[in-house]
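Residue numbers (this note's numbering), protein chains in the order written: chain A, 226 to 266; chain B, 17 to 130; chain C, 93 to 166.
What follows is the structure, encoded as structure tokens:
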């Protein structure tokens, strides 16, 4: 779970960069979904 | 140093990203796939309440054309998948006759299969 | 921001049969970059989908629409 949290945090930071660049908001659930898929990947 | 979150990072994660009891969606999961033909005795996992199960098939009708990419182009495997979805979409409303069979049957030579 | 090498190392070691398996610094750096590209690609494709639907927010639905092709591309 701690590993997942670390992945989730990193994914959140990267998504934040995309949000700033594209001026579009990603919901918390979307960030969680990307994190889950990344962890499985 | 151990690769895990520092206290400050943990607090940020908890505040900004962590899904919890106060959220409608309490978590997200990508269901595991398995080969039905090989694992017949596998017990289907019941989805947990509040956990959104990501679906790869919910939007299957959208997969009949390549969607936009950013820095990574579509792979050959992806193009193959898209072309199959296109074919399926084309056949969706067929009744009785199968257009694919009609198209390909003239080329069947029995000596090729026996 | 990106994936720290130590985190990537721990993620890889989750799947090694032999715990003594070592991963070089270059391999860790490459894996970290791969993961970063994967996340960015997922996010931007989700944004593209939301923009195509004239939405201000990328929700799970938009990500699900791009998910099959994204997974096949990696």
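Ideal Cβ positions, reconstructed from N, Cα and C, are used throughout, including at glycine.
If you check the CB distance, residue 39/B and residue 253/A come in under 8 Å. Below 8 Å, enough C-beta pairs join the stretch 238 to 252 of chain A and the stretch 148 to 159 of chain C to call them touching: three or more. In this structure, DSSP gives residue 28/B a helical state, which the three-state scheme calls helix. The beta-bridge partner set that DSSP reports for residue 67/B consists of 43/B.
Among the residues of the stretch 251 to 263 of chain A, those with a Cβ less than 7 Å away from any Cβ of chain B are 253, 254, 256, 257, 258, 261, 262, in the order of the chain. With fewer than 16 neighbouring CB atoms inside 10 Å of its own CB, residue 112/C falls in the exposed class. In this structure, residue 129/C keeps its C-beta atom at 8 Å or more from the C-beta atom of residue 129/B. Judged by DSSP secondary structure, residue 263/A falls within the alpha helix (DSSP H) whose first and last residues are 253 to 265. Residue 80/B and residue 34/B have their C-alpha atoms some 35 Å from each other. Not a single CB atom of chain C sits nearer than 8 Å to the CB of residue 51/B. Per the C-alpha coordinates, the member of 228/A, 237/A, 265/A positioned closest to residue 256/A is 237/A.
When secondary structure is reduced to three states using DSSP, residue 249/A falls in the coil class, being assigned neither helix nor strand.
In this chain, the alpha helix (DSSP H) harbouring residue 127/C covers 117 to 144.
Judged by DSSP secondary structure, residue 155/C falls within the alpha helix (DSSP H) whose first and last residues are 152 to 165. With respect to chain A, the C-beta atom of residue 25/B has a partner C-beta closer than 8 Å. The residue from 30/B, 43/B, 31/B, 75/B with its alpha-carbon nearest to that of residue 105/B is 75/B.
Between residue 47/B and the set 31/B, 28/B, 68/B, 30/B, the nearest pair of CA atoms involves 68/B. Among the CB atoms of chain A, one or more fall inside 8 Å of the CB of residue 166/C. At a Cβ-Cβ threshold of 8 Å, residue 93/B and residue 164/C count as neighbours.
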